[in-house]
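In terms of this note's numbering, the sequence shown opens at residue 378 and continues consecutively.
To start, the structure under review is shown below, and the notes come after it.
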Amino acid sequence: MNDNNITSVETALYLFPVPLADGAIVRVLPAVNTQLLNGISHFIVENVRSARRFIKKCNHAADIDSMTFYVLNRQTPAAAIPPMLDPLAQGHPMGVISEAGCPAVADPGADVVAIAQQRGYKVVPLVGPSSILMGLMGSGFNGQSFAFLGYLPIDKEQRQKQLRNMQKMIVSHDQTQIFIETPYRNNRVIADIVASLPGSLKLCVASGLTGASESVITQPLSWWAKAKFDYDKTPAIFLLYK
């Protein structure tokens, strides 16, 4: 891309953010993303069906059947990833599309980006919604020092250990702790946090971001212990701080 034609499509690996919730594309993605998307026919995606739906939503006239999709998810063998970049070697631009949010952030797309960097290909991250940053922005917590921990352990003992470690980082390093959970376990993880950590610590739950049911609530754990809520069907991100 250059200043004279910002929508020109170079031979590069473009990282296309995807909306976090249903709604109008224009509300969360810049027009340049759609314009660039229209110039690419080779994609590395987490889920083909979701990616096709996203592309069609961006451009109803897109010829989906003429496009090539390579699947990269947590089950993809490591040896299968490097060949996915063959179109780049042949001079074709490529796009990476994850299930939601920003590719390569808490996402298997990071693996193919690493290979692209090793091979010296140009990598172009595009503007779009990140639940991690949007949750942090709306929490009121420390945005100078924070850590994203991914999913907490499922094992109860390991989870409590992780929560205690997070508490230590909050107290000793003044660091916001950020993590996610599978939606159907959201209520359970809040109950575990309330039972394991001091009531004075604050929890922010940012749910349904960019959607009609968007909610960002920051309250002490003592408040969450008495609150009525149901996040079990809504994608959410959790943040802890003092």
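Heads up, the beta-carbon is just placed ideally off N, CA and C, and yes, glycines get one too.
Keep in mind it's a predicted model, so treat the numbers as computed, not measured.
When beta bridges are read from the DSSP output, S592 appears opposite S584. According to the DSSP secondary-structure assignment, P394 is paired through a beta bridge with no residue. Rounded to the nearest whole angstrom, the C-alpha separation of V548 and A589 is 35 angstroms. DSSP places I458 outside both helix and strand once states are collapsed to three, so it counts as coil. In terms of Cβ geometry, Y391 and L413 form a close pair [threshold 7 angstroms]. In this structure G416 is exposed. Its beta-carbon is surrounded by fewer than 16 other beta-carbon atoms within 10 angstroms. One alpha carbon belongs to L397, the other to T611, and they sit about 11 angstroms apart. Closest option to A408, judged by alpha-carbon separation, among E558, G400 and N436: N436. Q537 and P575 have their C-alpha atoms some 13 angstroms from each other.
For P464 against V473, the beta-carbon gap comes to about 12 angstroms, at or over 8 angstroms, which does not count as contact.
In this structure, Q552 sits near M546, with a CB-CB distance shorter than 7 angstroms. In terms of Cβ geometry, P470 and I492 do not form a close pair [threshold 7 angstroms]. In the DSSP annotation of this structure, the continuous segment of the alpha helix (DSSP H) that includes M543 starts and ends at K533 to H550.
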